[in-house]
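The structure appears right after this line, and notes come after that.
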Amino acid sequence: AQRVTQPEKLLSVFKGAPVELKCNYSYSGSPELFWYVQYSRQRLQLLLRHISRESIKGFTADLNKGETSFHLKKPFAQEEDSAMYYCALKRLSVFENNRLAFGKGNQVVVIP
Amino acid sequence: GAVVSQHPSWVICKSGTSVKIECRSLDFQATTMFWYRQFPKQSLMLMATSNEGSKATYEQGVEKDKFLINHASLTLSTLTVTSAHPEDSSFYICSADSRGQAEAFFGQGTRLTVV
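For the protein sequence lines, the chains are A and B, in the order given. Heads up, the first sequence is in the numbering used here, so the first residue is 584 and it goes up one at a time. Heads up, the second sequence is in the numbering used here, so the first residue is 1432 and it goes up one at a time.
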């Protein structure tokens, strides 16, 4: 069975401090990992996906298959980064669709 | 990005009645739509996956007779909560994607309160 674990529910950091959100997964197949973000009163939106290897809004995440992790990092937190962050794993489906399993999410609060 | 719209954004209904929630893809054809349920301060729980023109696939533990899903067109899926009870009160979110699309797009969610 697929499982995504985000251990810390709430993370408070000062503006300018580094942020790291941990995500571990268990999946028997070859995973595709994502980070989604939900700002206050807004819908869930894709932040980044591991196959893109991009840096979005200063955030990066590297897939480590050995440690089955996909931690999200940003060196200098900004106030606008305050949001809920969800790690998600794409599960293989015969329909080739975006069937996702989500972690429980991290509430990030950036203190001015 | 593509837009997915849910209607209504919130609804209050009496116990025992049925409620229908709509999910529309506004600017693309969604071959697949997903319905999630989110409890307060918890993650999204996938309820079911629906492909246009076929029966929905429900996740383990989700009652298909309780949560009726219809995906009759490439732009519309509906979730009907039948004989609603207070424990069905929750935040319901849909997402939609199209074959070959890189990501799924999410609706704004529907807050259901059963009194």
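Backbone N, C-alpha and C fix where the C-beta goes; we use that ideal spot for every residue, glycine too. Quantities reported herein were computed from a predicted structural model and do not represent experimental measurements.
Scanning chain B for C-beta atoms nearer than 8 angstroms to the C-beta of A/K687 yields Q1473 and S1474, reported in chain order.
In this structure, the straight-line span from the alpha carbon of A/E591 to that of B/I1452 is close to 32 angstroms. A Cβ-Cβ distance of about 16 angstroms is found for the pair A/I639 and A/E615, leaving them out of contact under the 8 angstroms criterion. Burial is judged here by how many other beta carbons sit within 10 angstroms of a residue's own beta carbon; B/F1537 has at least 16 and is buried.
At a Cβ-Cβ threshold of 8 angstroms, B/C1525 and B/S1514 do not count as neighbours. In this structure, the straight-line span from the alpha carbon of B/K1445 to that of B/V1546 is close to 5 angstroms. Annotation: A/Q625 to A/Q690 spans about 14 angstroms, alpha carbon to alpha carbon. The continuous beta strand (DSSP E) containing B/Y1467 extends over residues T1463 to Q1469. Within 7 angstroms of the CB of B/G1538, the CB atoms of chain A belong to R626, in sequence order along the chain.
Residues of chain A whose Cβ lies closer than 9 angstroms to the Cβ of B/E1483 do not exist, since the nearest Cβ in that chain is about 10 angstroms away. Under the Cβ criterion of 8 angstroms, B/A1433 is not counted among the residues facing chain A. Counting along the chain, the unbroken beta strand (DSSP E) around B/Q1437 starts and ends at V1435 to H1438.
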